[in-house]
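In what follows, a single structure is set out as C-alpha cells and then discussed.
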Amino acid sequence: MKATSVDEEFNPSVHVYEPHKVGLPALSPYFRALWQRREFAAEMSRTGIRAANTNTFFGQVWLVLNPLMLAGVYYVLIEILSGGGSREDATARFVHLCAGLFAFYYFSGAMTTGAASVVGGGKLLMNMSFPRMLLPLAALRTAFFRFLPTLVVYGAIHLATGQGLKWQMLLAPIFLLLLTIFAAGMAMIFAALQVYFRDTTSFLPYFVRIWLYLSPVLWFAEDAPKKFQDFMMFNPLYSLLGGWTDLLVRGTIPETSMWVGATVWAFAAALIGGLFFMSREREFVVRL
1076 MKATSVDEEF NPSVHVYEPH KVGLPALSPY FRALWQRREF AAEMSRTGIR
1126 AANTNTFFGQ VWLVLNPLML AGVYYVLIEI LSGGGSREDA TARFVHLCAG
1176 LFAFYYFSGA MTTGAASVVG GGKLLMNMSF PRMLLPLAAL RTAFFRFLPT
1226 LVVYGAIHLA TGQGLKWQML LAPIFLLLLT IFAAGMAMIF AALQVYFRDT
1276 TSFLPYFVRI WLYLSPVLWF AEDAPKKFQD FMMFNPLYSL LGGWTDLLVR
1326 GTIPETSMWV GATVWAFAAA LIGGLFFMSR EREFVVRL
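Structural data, given as C-alpha cells:
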C-alpha cells in the first residue's frame, strides 16, 4: 500500500509524502498534526479520569490513600528489617518513602496505562485518523493529574514532621520534569511492544515491582546496596528519583552525576521511544 502523507492522513485534503527514513513519517507535518490535536488528547485524558472516578472526592482520596498505605506497609517492613533506629531517622525514612513512592507510582502509572493505550484504543484507531502518539501521551497526562493530589499530601507530611523548607526544594520540579519525559518515552516503547506482544502488560507489573526495589525509594540514594552499586548507573530511576528525593526531602543539591544521568536517560528514552513508536504506528491498525 502506498504511503499517504501525514497531512493527508490526518486531513484528507492535502498531498502525498514518501517517508524520509524507513518506517518514519515526515517529522515536521507529523508533529504539526500532533500539536493541532492536543485538545483531542486532553479530552481523551479527561474521559479516562472521569471513567476511573478520579474526579470525585472519594476517587481523589483513594489516589492518595493507596500510595500512602503502601508507604506505611514498606515503612513497617524497613523498620523490622533494619532493627529500628532513632526517632529522627525513622521520621526521615518515612518522609523519604512517601516522596519516592508518590513519584514512582506516577511514573509506573504513566508507563503501564500508556502501554495499554494503543491496544485499548483499537476501535478508535480503526475509525479515526490522528497521530497515534496521542494515545500514550494522553495516558501520561492522566497519570500526571492523578499524581497532583499526592503532592499536596506530601507537603502536609513534610511540614508536619518538621522537615522544614529550603530553597533547594525549588529545583525538585526539574527532576519531576525529567521523570515525566522519561515516562513518556517508556510509555511509547511499551505501547508499541504491546501491539506485537500482547502479554507485555501481564509482564509489566513484575518488572515494575523489581524496578521499585532497585530504585532509591525504600532506601536513600547514598545507601545503595553494595552488591548493586556498580550497576546503579544503568538504572535510570536511580538518578531521576535520587535527585528528586535529595532536593525535596533533604534539601541538598544532588551530585553532578545525578543531574547528567537523569538528563541523559530522560531524553534518550523520549528519543528512542518516539522514533520506535512512529516507525511502527502505521502497522497498528492491521495488527489490531
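Here this note's numbering = 1-based position in the sequence shown + 1075. Even glycine gets a Cβ: it sits at the ideal position worked out from N, Cα and C.
Query	Result
Using the Cα positions of Arg1273 and Lys1301, report the straight-line distance between them to the nearest angstrom.	37 Å
Whole angstroms is fine: what's the gap from Phe1295's alpha carbon to Thr1217's?	29 Å
Since I believe Leu1138 is in contact with Pro1224 (beta carbons under 8 Å), could you give me their beta-carbon distance rounded to a whole number of angstroms?	5 Å
Here's a check: name, in chain order, each residue in its chain whose Cβ is nearer than 8 Å to the Cβ of Phe1351, leaving out the five neighbours to either side.	Met1263, Ile1264, Ala1267
Out of Ala1344, Arg1125, Val1361, Gly1098, state which residue places its alpha-carbon closest to the alpha-carbon of Thr1255.	Ala1344
From the DSSP output, in three-state form, read off Leu1289 for me.	coil
Once you ignore the five residues that flank Val1270 on each side, which residues in its own chain have a CB closer than 8 Å to its CB?	Val1193, Val1194, Arg1355, Glu1358, Phe1359, Arg1362, Leu1363
Can you tell me where the alpha helix (DSSP H) holding Pro1311 begins and where it ends?	1311 to 1320
Go ahead and pull the three-state DSSP assignment for Ala1259.	helix
Work out the CA separation of Pro1206 and Ser1080 for me, nearest whole Å.	In this predicted model, Ser1080 has a pLDDT of only 47, less than 50, meaning its place in the structure is not dependable; the value taken from the coordinates is given anyway. The alpha-carbon atoms of Ser1080 and Pro1206 are separated by roughly 12 Å.
With Met1186 and Met1261 assumed to form a contact (beta carbons below 8 Å), what rounded beta-carbon distance in angstroms separates them?	5 Å
Would you report the Cα separation of Ala1190 and Gly1184, rounded to the nearest angstrom?	10 Å
Determine the extent of the alpha helix (DSSP H) in which Ala1343 is found, giving its start and end residues.	1331 to 1355
Using the C-alpha atoms, what's the distance from Met1307 back to Tyr1389?	Examination of residue 1389 is not possible in this model, given that the chain is present from 1076 through 1363 alone.
Rounded to whole angstroms, how far is the Cβ of Phe1309 from the Cβ of Tyr1229, which I believe are closer than 8 Å?	Between Tyr1229 and Phe1309 the Cβ distance is about 28 Å, and since that is not below 8 Å, they are no contact.
So is Gly1348 buried or exposed if we call it buried at 16+ other beta carbons inside 10 Å?	buried
Quick one, are the C-beta atoms of Gly1175 and Leu1316 less than 7 Å apart?	yes
Taking buried to mean at least 16 other C-beta atoms within 10 Å of its own C-beta, is Ile1328 buried or exposed?	exposed
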